[in-house]
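Step one of this worksheet: look at the structure below.
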Amino acid sequence: MKKEQVKNEEKLDDKKADISFSLNIPSLENAFLEHEIAIKAKQKADYDRTIFRLNEIVERNSTLPVNISSIRIIGAHNFRQSFLKKVLFPINISESEKTLSYALLSIQNTASQLKKFDIFEKISVTIDQASSPLAGKDDIDVIFHVKEKSRLWARTGTDLSNGEGSAYGSINIRNAFGGAENVQANIIFGTHTRSAFETKLTTPINANPDSQIELSIFNISRDNHFYASHEEILKGCIGRFIWSSDLGLHDISYNGVWRQIGNLSLNASPTIRLSSGNSFKSSVAHTLTIDTRNNSLLPNSGFLFRTMQEISSSIILGSDTSFIKTETEFSKATLLSNVKQIILNNTIKMGVLWGLDKKDTKINDRFYLGGATNIRGFYYNGLGPHDGNDAVGGDIYVASSTSVITSIPKLKHWPLKFQTFVNTSSLLLLNQGNFKDIISELICKPSIAAGIGLIYCHTIARLELNFCLPIATRMSDRARKGIQLGLGVQFM
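Numbers given in our numbering equal positions in the sequence shown, counted from 1, plus 111.
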């Protein structure tokens, strides 16, 4: 009995040892983890203390008199000297502003301006006592150390968005002429955009990245048979003046486009046949954009306001068509619950096209609605007036979208989200009835679709897979019930 008792005690001791061993491993791992966390916490605390002391020193000496003796840029090998002088000119401060705080603010603003040009990979600043033997005790030297990005770069790829597959190629030349100019050439071949060629030059005005001129020429061939029984060829040029103000981003542009509608289907509608042929559009447009969203693809705070006005005139601009066109969009994102990551998105868009020559507006000037990235629950350009099977567009529209986006349980930090949505829209022609009746129908009889789906938000695009259910439609609408896939960068 004693021998058996000894053996049982030995077995029990072995089990205790095993248990002890199995418990010590995770405790050792936890110890290493806690040690690593403690090291990182200490490093962060040291960094925060250093930054605090540095800010304290700067604040204590903010009124210290400072005179900038020299400004240099090291690493900017491909720039014109005249351009660099204009960029650095704001640092030259007046006699009444020669303090340390103002000098640091001016240097920081200049570094931010250099970054906006998107031609430098790295920017750092060194401030030191002036090295000149004639320098005074308050004189300092400012040195910008920069590393330029590659001047020439190219990319190719494929794209699938708005129900179209395409292959593209792009060549860019940064800082083409030594003044932060950008030259870009693009080529696209796709299922609906048969071919597209564009060459574009962008240059800053007076070395200011917030003020630019953009010139482009293009040749585009589109296959519109899948919704309007024709092909369209566009050849022309666009000149833009873009600048930022306290109000927002402004864009004034001139568009000169030669347009050709041809290669009609055998069953093309009378409206499409009457619209075939050549036309020249010469127009001037202004766009104002105010965007405070924290993310353009899937925001949870901020708003977007965009308004556009365009005028085309046969008398003043030599256009074949005369009209006034305006379009306005407002979108707001609200975070309802930070814990559950519930986001409410509301968007409303409206537009009016008013013909000035007492003729029907042209189909390639009108508004089109419908599609997975536009008004869900309808085919691409499937909303509004149709002639037979052909979408012919509308002159006035109102559209809205309300969506609630939530995280998937246990996948809170994933880029995959769940959404429910309701879309409403009305798209009408202005030449069909009394204006008051048209406005009444526009507001009181909208087409409505609702649905649920999944959103995958990538850094460059947003993918949606939705189940859509049209609730109210017009006879002319092309509604789509069921699964709808959308890929793009702009969604209602």
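Yeah, the Cβ is synthetic: ideal placement off N, Cα and C, and Gly gets one too. If you're wondering where the values come from, they're calculated on a predicted model, not measured in any experiment.
Beta-carbon within less than 8 Å of residue i's beta-carbon, same chain only, minus the 5 sequence neighbours each way: which residues are those?
{"i": "K226", "result": "I234"}
{"i": "T304", "result": "E275, S277, I331, S332, R333 and D334"}
{"i": "T302", "result": "E275, G276, S277 and D334"}
{"i": "I185", "result": "I254, F255, H256 and V257"}
{"i": "T269", "result": "G276, S277, A278 and Y279"}
Is residue i helix, strand or coil by DSSP?
{"i": "A561", "result": "strand"}
{"i": "S180", "result": "strand"}
{"i": "I239", "result": "Residue identity check: residue 239 is Asp in the sequence provided, not Ile. In the structure shown, D239 sits in a strand (DSSP, three-state: E or B)."}
{"i": "V198", "result": "helix"}
{"i": "F337", "result": "helix"}
{"i": "R612", "result": "With the chain running from 112 to 603 in the structure shown, residue 612 is simply not present."}
{"i": "A318", "result": "coil"}
{"i": "T382", "result": "helix"}
{"i": "K258", "result": "strand"}
{"i": "N135", "result": "For N135, the predicted model reports a pLDDT of 40, less than 50, meaning its position is unreliable; a value from the coordinates is still stated below. It is helical."}
{"i": "N220", "result": "helix"}
{"i": "K443", "result": "strand"}
{"i": "I426", "result": "coil"}
{"i": "A187", "result": "coil"}
{"i": "S364", "result": "strand"}
{"i": "F546", "result": "helix"}
{"i": "L527", "result": "strand"}
{"i": "A152", "result": "helix"}
{"i": "I299", "result": "strand"}
{"i": "S193", "result": "helix"}
{"i": "I554", "result": "helix"}
{"i": "S518", "result": "strand"}
Which partner residues does residue i have in the DSSP bridge list?
{"i": "S448", "result": "I453"}
{"i": "L345", "result": "I331 and R370"}
{"i": "I284", "result": "L263 and V294"}
{"i": "G593", "result": "C579"}
{"i": "G276", "result": "L271"}
{"i": "L574", "result": "Y567 and L598"}
{"i": "G641", "result": "Examination of residue 641 is not possible in this model, given that the chain is present from 112 through 603 alone."}
{"i": "Q420", "result": "H397 and T437"}
{"i": "T76", "result": "Residue 76 cannot be examined here, being either before or after the span of the chain that is shown, 112 to 603."}
{"i": "L538", "result": "Y508"}
{"i": "T484", "result": "DSSP lists no partner for T484."}
Among the candidates the options, whose CA atom is the shortest distance from the CA of residue i?
{"i": "T513", "options": "N542, L271, P557 and M603", "result": "M603"}
{"i": "T397", "options": "L538, L312 and H361", "result": "Looking at the sequence itself, residue 397 is His, so the reference to Thr does not match. That would be H361, whose Cα lies nearest to the Cα of H397."}
{"i": "L408", "options": "R573, S193 and T174", "result": "R573"}
{"i": "S364", "options": "S386, S327, G373 and N449", "result": "S327"}
{"i": "Y373", "options": "N366, I422 and N389", "result": "One point to set straight first is that residue 373 is Gly, not Tyr, in the sequence displayed. If we check each option's Cα against that of G373, N389 comes out closest."}
{"i": "I566", "options": "W264, A560, E575 and K392", "result": "E575"}
{"i": "S504", "options": "F478, W525 and A483", "result": "The amino acid at residue 504 is misidentified as Ser; the sequence shows Gly. Comparing Cα-Cα distances from G504 to each of F478, W525 and A483, the minimum goes to F478."}
{"i": "R285", "options": "L263, S277 and T302", "result": "L263"}
{"i": "R266", "options": "S322, H341 and I298", "result": "I298"}
{"i": "M419", "options": "V463, S442 and K556", "result": "V463"}
{"i": "L480", "options": "I344, K521, K451 and T535", "result": "T535"}
{"i": "L540", "options": "T432, S448 and D506", "result": "D506"}
{"i": "F288", "options": "K451, F194 and A483", "result": "F194"}
{"i": "L527", "options": "I559, P557 and G564", "result": "G564"}
{"i": "E181", "options": "A187, H188, F200 and R191", "result": "According to the sequence provided, residue 181 is Ser. The question's Glu does not apply to it. If we check each option's Cα against that of S181, F200 comes out closest."}
{"i": "L467", "options": "I282, I316, L447 and I426", "result": "I426"}
{"i": "P244", "options": "I238, D252 and T237", "result": "D252"}
{"i": "R404", "options": "F352, S242, N457 and S387", "result": "N457"}
{"i": "L358", "options": "L399, E342, H341 and R384", "result": "L399"}
Going by beta carbon distance, what residues of the same chain come within less than 6 Å of residue i, once the five residues before and after it are set aside?
{"i": "L271", "result": "L598"}
{"i": "S306", "result": "F300 and S332"}
{"i": "M586", "result": "none"}
{"i": "H569", "result": "none"}
{"i": "N319", "result": "none"}
{"i": "S312", "result": "Residue 312 is actually Leu in this sequence, not Ser. Within the same chain, L312 has close Cβ partners V294 and L326."}
{"i": "K460", "result": "E440 and A510"}
{"i": "N178", "result": "K209, D249 and D250"}
Here's a check: name, in chain order, each residue in its chain whose Cβ is nearer than 7 Å to the Cβ of residue i, leaving out the five neighbours to either side.
{"i": "L123", "result": "In this prediction, L123 scores a pLDDT of 43, lower than 50, which makes its location untrustworthy; the coordinate-derived value is nonetheless stated afterwards. Once the five neighbours on either side are set aside, L123 has no close Cβ partner at all."}
{"i": "S394", "result": "N366, E421, I422, S423, L428 and S430"}
{"i": "L175", "result": "T210 and L211"}
{"i": "K523", "result": "Q452"}
{"i": "D402", "result": "L415"}
{"i": "R487", "result": "F532, N534, A560, G562, N577, C579 and Q595"}
{"i": "K260", "result": "I230, F231, E232 and R285"}
Quick check: the region 481–499 against the region 375–384, are there 3 or more CB pairs under 8 Å? Taking 8 Å as the limit for Cβ pairs, the verdict is that the region 375–384 does touch the region 481–499.
Flag this pair as touching only if the region 401–415 and the region 428–439 have three or more C-beta atom pairs under 8 Å; answer yes or no. The count of Cβ pairs closer than 8 Å, one atom from the region 401–415 and one from the region 428–439, stays below three, leaving the stretches out of contact.
Is it a yes or a no for the region 526–534 touching the region 470–478, going by three-plus beta-carbon pairs under 8 Å? Flag = no, the region 526–534 and the region 470–478 do not touch.
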